[in-house]
Amino acid sequence: MGSPLNDAELRAMRRTRMFGATGTVLMAIGALGAGARPVMQDPTFGVRLLNLPSRIQTVSLTMTTTGAVMMALAWLMLGRFALGSRRMSRSQLDHTLLLWVVPLLIAPPMYSRDVYSYLAQSQISYNGLDPYTVGPAPGLGLDHVFTMSVPTLWRETPAPYGPLFLWVGRGISALTGEDIVAAVLIHRVVVLLGVGMIVWAVPRLARRCGVAEVTALWLGAANPLLLMHLVAGIHNEALMLGLMLVGTEFALRGVDAAGSLVPRPLHRPRGRDEWQAWTPLAMLILGAVLIVLSSQVKLPGLLALGFVGMALGHRWGASLRAFVQATTLMTGLSLVVMAVIGWASGLGFGWVFTLGTANVVRSWMSPPTLLALGTGQVGILLGLGDHTTAVLSLTRAMGVLLITITVTWLLLAVFRGRLHPVGGLGVALGATVLLFPVVQPWYLLWAIIPLAAWATRPGFRIATIAISLVVGIFGPTANGDRFALFQIFLAVVASLVIVLLLIAVTFNHLPWRKVPGTNEAFSGQEPDPAPPPEPPDATPPRPPGEPPVPRSTPGAYAESP
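First residue of the sequence shown: 8, per the working numbering; consecutive thereafter.
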């Protein structure tokens, strides 16, 4: 099948792809000096060429920052071929994403040391201790190879992650022992599996919501935040989001099926037709199980089960009885799956009591936390004392209350058929991130990826692009706590100069404003889709003068914004 792009667009797209790939290669090289390398068992230590970046850390930080900016700008230019009048094909976008990901797979962890906490907590579980009651230091000792690479703030804290993730980590520990490099690489493979599930699910959810597959994949799966923080940073959000989105797709397939989803009469299927009658119920259960499994990595994934349940209740008639039946079914499934995971892993439900572990961080990206910090500083300036901690408890409690109210309203909107469940899930996760006590840059992907498959308004896409670029480019630099302020300043200034020179050199070769070789400007707008063909009217002809009978579509939802 030929490409939908003309020759000039193909050349521009390929140059854009290479521009971004050059950026990720620079990121990988710079990470040898500016990345989160392990304190012990560093494979680059003593190797003449590979150890050079660690001796010129400011240069390494400049390379990493420059590469990140190049990749982010290439993603922005690639939008010309995802939102324009002629879009790139799905295979072209897949090849671009793969080309950008490959250099990061073999690079040291970047932007975060969380992966070393994963290793330490998994090793604690492998040693037969409870990672939900002891942290890396008391569980392994301060001189352990994993503990020494864990940030000081998290050496005494228990694990805040679900039992499924620690169960997977325990298997990695059994396989690699205390080989920190092998363990990190296998955790990155787990991240890659999660990204693969995201890439599989997003276009299918987009098709369900009437959004172009390439557009949704570009905005969600190819987002710079995913590449920088999930792939390069090795965060378990990739596994959580992958399981959640795949589960949502399977569950909605079951919900879309006609009937009550319970075949009658109830007996073992004998023929092909009877087996097919059980397929919708199997799809629903499979999807619900995958969603609950995502929550056993990180709890926010469980929100998807609520929206699947409300979609099922709407499908069953949107009555009080349908609400109770759907809620009971989803709640029962979730409790069963959680109990099985807790029993099989031997970790039980201890994770419930450690969910607030991360609240010790005062994150400026969290509006409730930022409000409390600002109020506390005002009190200090006015001579009223430092009441930041008290105000922080109040603003965070208010944030949790607002999350509860917002999610409840969205669930009811889906139940009444006024909102698509994928859209409800994305907005609910967006509200959760916005009002969460602690917000990290990669948390934004909780909302960005499902919303990319649903929302079509230019305003949403412009806001998502702006947030992704600002947080990706101006967010925390690679291991910023390891660098002096003057090093970060010099690296940012040098990166700015290099990027401006690159823009000047490539201005006539890359689609900064228009496709080279054409007069077609980049509008950033998605073309209006062609109206669907009118379905054949199967109703009998009505007598003259009789008003038309209104059509109704079971299971239909309001259009996305």
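Glycine included, C-beta positions come from ideal geometry on N, C-alpha and C.
C-beta atoms of residue i and residue j nearer than 9 Å
| i | j | result |
| --- | --- | --- |
| residue 249 | residue 203 | yes |
| residue 229 | residue 85 | yes |
| residue 340 | residue 292 | yes |
| residue 226 | residue 459 | yes |
| residue 498 | residue 428 | no |
| residue 475 | residue 174 | no |
| residue 446 | residue 373 | yes |
| residue 303 | residue 171 | yes |
| residue 378 | residue 402 | yes |
| residue 177 | residue 352 | yes |
| residue 585 | residue 201 | Because the chain in this structure spans residues 8 to 568, residue 585 falls outside the shown range and cannot be described. |
| residue 64 | residue 494 | yes |
| residue 100 | residue 253 | no |
| residue 169 | residue 456 | no |
| residue 510 | residue 80 | yes |
| residue 438 | residue 409 | yes |
| residue 193 | residue 123 | no |
| residue 264 | residue 290 | yes |
| residue 345 | residue 301 | no |
Cβ of residue i within 9 Å of any chain D Cβ
| i | result |
| --- | --- |
| residue 336 | Chain labels in this structure do not include chain D; a single protein chain is all it has. |
Reference residue i; option with closest CA among the options
| i | options | result |
| --- | --- | --- |
| residue 240 | 96, 112, 63 and 103 | 112 |
| residue 320 | 262, 300, 302 and 307 | 262 |
| residue 325 | 384, 428 and 424 | 424 |
| residue 323 | 382, 306, 421 and 234 | 421 |
| residue 480 | 63, 377, 232 and 390 | 232 |
| residue 159 | 127, 396 and 28 | 127 |
| residue 181 | 217, 133 and 188 | 133 |
| residue 121 | 52, 103, 191 and 54 | 191 |
| residue 110 | 381, 169, 327 and 235 | 235 |
| residue 418 | 316, 34 and 103 | 316 |
| residue 46 | 55, 97 and 149 | 149 |
| residue 363 | 404, 343 and 381 | 404 |
| residue 471 | 448, 490 and 491 | 448 |
| residue 185 | 215, 125, 217 and 145 | 125 |
| residue 78 | 35, 58 and 350 | 35 |
| residue 135 | 33, 54, 56 and 354 | 354 |
Proximal residues to residue i (C-beta, below 7 Å), its chain only, five neighbours per side dropped
| i | result |
| --- | --- |
| residue 25 | none |
| residue 502 | 69, 72, 73 and 76 |
| residue 532 | Note that residue 532 has pLDDT 48, beneath the 50 cutoff, so the model's placement of it is unreliable and no number is given. |
| residue 211 | 256 |
| residue 22 | 516 and 517 |
| residue 542 | With a pLDDT of 49 at residue 542, under the threshold of 50, the modelled position of this residue cannot be trusted; read the value that follows with caution. Cβ neighbours of residue 542 beyond the five flanking positions: none. |
| residue 563 | For residue 563, the predicted model reports a pLDDT of 49, less than 50, meaning its position is unreliable; a value from the coordinates is still stated below. So the list reads 424, once near-sequence residues are dropped. |
| residue 392 | 386 |
| residue 88 | 12, 16, 20, 94 and 95 |
| residue 14 | none |
| residue 179 | 129, 190, 193 and 194 |
Residues near residue i by beta carbon distance below 6 Å, same chain, minus five either side
| i | result |
| --- | --- |
| residue 61 | 40 |
| residue 540 | For residue 540, the predicted structure reports a pLDDT of 49, less than 50, and the residue's modelled location is therefore unreliable. A value from the coordinates is still provided. Around residue 540: no qualifying Cβ. |
| residue 536 | In this prediction, residue 536 scores a pLDDT of 49, lower than 50, which makes its location untrustworthy; the coordinate-derived value is nonetheless stated afterwards. Hits under 6 Å: none found. |
| residue 530 | Low local confidence applies: a pLDDT of 45 at residue 530 is under 50, so the model's placement there is unreliable, and no value is given. |
| residue 406 | 375 and 442 |
| residue 243 | 172 and 304 |
| residue 297 | 250, 253 and 254 |
| residue 399 | 379 |
| residue 213 | 220, 223 and 460 |
| residue 382 | 398 |
Contact test: residue i Cβ vs the ligand MG heavy atom, cutoff 8 Å
| i | result |
| --- | --- |
| residue 346 | For the structure depicted, the ligand MG is absent and the ligand set is empty, with no information on it obtainable. |
Distance between beta carbons of residue j and residue i, contact taken as under 8 Å
| i | j | result |
| --- | --- | --- |
| residue 209 | residue 223 | 5 Å |
| residue 309 | residue 299 | 7 Å |
| residue 432 | residue 440 | No, residue 432 and residue 440 are not in contact; Cβ-Cβ is about 13 Å, not under 8 Å. |
| residue 31 | residue 107 | 5 Å |
| residue 473 | residue 430 | Contact doesn't hold; Cβ gap of about 21 Å is too wide. |
Contact set for residue i: own chain, Cβ-Cβ below 8 Å, skip 5 residues either direction
| i | result |
| --- | --- |
| residue 485 | Per-residue confidence for residue 485 stands at a pLDDT of 41, beneath the threshold of 50, marking its modelled position as unreliable; the derived number appears in the next sentence. Only 37, 38, 41, 42, 43, 68, 71, 72, 117 and 118 meet the Cβ criterion. |
| residue 550 | In this prediction, residue 550 has a pLDDT of 49, which is less than 50 and means its spatial position is unreliable; what the coordinates show is noted afterwards. So the list is empty, once near-sequence residues are dropped. |
| residue 206 | 101, 104, 224 and 228 |
| residue 337 | 295, 312, 313, 315, 316 and 319 |
| residue 332 | 320 and 323 |
| residue 97 | 210, 220, 221 and 224 |
Note to self: Three or more C-beta pairs under 8 Å: does that hold for the segment 348–359 against the segment 368–375?
What the structure shows: no
Checklist line | Given 8 Å, three or more beta-carbon pairs between the segment 106–121 and the segment 146–154 | finding: no
Check: Is the segment 192–208 in contact with the segment 399–414, if contact means three or more CB pairs nearer than 8 Å?
Finding: no
Notebook entry, point to check: Okay, do the segment 90–104 and the segment 136–150 touch, 3+ Cβ pairs below 8 Å being the bar?
Noted result: no
Next item on the list: Spell out a yes or no on whether the segment 10–23 and the segment 162–169 are touching, meaning 3 or more CB-CB pairs, one atom from each, closer than 8 Å.
Entry: no
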